[in-house]
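Here's the structure, in structure tokens; my notes come after.
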Amino acid sequence: MSFGPSDAGGNPPPVTIHAWLERVNQEKPYSFEKATAPVDAENWISHMEKIFDVMGCDDAFKTRLAV
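Convert by adding 110 to the 1-based position in the sequence shown; the result is the number in this note's numbering.
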């Protein structure tokens with residue numbers, strides 16, 4: 111029986127920034143250095159949001175993980 115949120119593997123979600131960083135890096139996110147057009151930045155943000163959504167990342171960690 112489970113008493114809280116868990117990921118697909120049945121493990122509890124990470125609760126520290128270090129654990130989240132490790133999980134995000136496993137997803138091999140695109141790096142972002144500069145944008146020649148606004149759409150480049152929008153595409154990168156969309157890519158990162160998809161990763162965060164799939165992982166169930168808390169809003170409190172999203173900004174810190176993106177930088």
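Virtual Cβ for every residue (Gly too), placed ideally from N, Cα, C.
Item	Value
Quick one: is Ile161 buried, meaning 16 or more other Cβ sit within 10 Å of its Cβ, or exposed?	buried
Looking at the structure shown, is Val164 part of a helix, part of a strand, or coil, going by DSSP?	helix
As a quick exercise: from Lys138, Asn153 and Arg174, pick the residue whose alpha carbon is nearest that of Ala145.	Asn153
Taking the alpha-carbon positions, what's the Trp130 to Tyr140 distance?	16 Å
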